[in-house]
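Accompanying notes for the structure given below.
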Amino acid sequence: MRVFRFIRTLHSWLGLLILPWIILFGFSGFYFNHQQAVLNILPSGEYDETALSEAMLDAPLSAAQALALVEDHFPDLVITDAKQTTYHGFRGYQFLGERAQVIVAADTGHFYHKTRLTRTTFAPDGTRLHRKIYWGRFLSTFHNLGWVDTRFGTILADITAWALIIFGFSGLFIWGFPRHKRYLRALGGLWPK
C-alpha cells in the first residue's frame, strides 16, 4: 500500500505541476490544426497608421538622426547592421540587433521595435502607440520549446514530456492496481493452491 500511496501522490503533484503546460500545449497544438479559429479568439493586433502618415516632419530624418533616435530610446541595443528600407509603406532606416530591430520612419519620425514575437509602435517622442503579438510565432515557439524564449532551449518542453509520460504510467497504475487485486481475489478460488 505504501507504493500505491506514493504513486498516487506523485501522480497528483505531477498533474498540478504540468497542468498549465498541458493546457497551453493543447491550445498551441489546436492552433496548428485550426489556425484561423484560434487567431479569431486572440486579440488581432491590427493598428490604423493613417494618423502617423499625416504627421509628416518638415524635413525627413537623416540616417544619423535616425540612429541618434534609436540610441536615445534603446541604449542597450547593440546594432549589428543598418540599412534603408520601406516598412508599412514608410520609407525609413532599419537598425538590426542580435535579438531585436528598430525601424525608424524617415518622413514621420515614428519607429517600430521588433522582436521575434512582438512589434511595438512608438510616436516620435517615444510614446508607445501600439503593441502587436505575432501569435503564430508565439504559439509555435511555445509548443516547440515549452517557453516563449530560446534561452532555456527545449528543457521545459522535455521536462513536460517526461512528466506527461510518468503521469500517464502512474495514472495507468492507479487505475489498474485496485482492479488487479479485485481480479486476483476473484480468480483466487479458481487457481490450485
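Numbering (the working numbering), first residue to last: 90 to 282.
We treat Cβ as the ideally placed atom computed from N, Cα and C, and that holds for glycine.
As assigned by DSSP and simplified to three states, the class of residue i
i      : result
Tyr223 : coil
His232 : helix
Val127 : helix
His202 : strand
Leu150 : coil
Phe211 : strand
Tyr120 : helix
Thr249 : helix
Thr98  : helix
Proximity of residue i and residue j at Cβ, strictly below 9 Å
i      : j      : result
Leu113 : Pro213 : no
Leu99  : Ser229 : no
His162 : Phe200 : yes
Ala155 : Ala195 : yes
Asp165 : Phe184 : no
Exposed unless 16 or more other CB atoms sit within 10 angstroms - verdict on residue i
i      : result
Phe256 : buried
Arg208 : buried
Gly115 : exposed
Val92  : exposed
Gln124 : exposed
Residues that residue i bridges to, as DSSP identifies them
i      : result
Asp170 : Leu185
Ala194 : Gly181
Arg217 : Phe211
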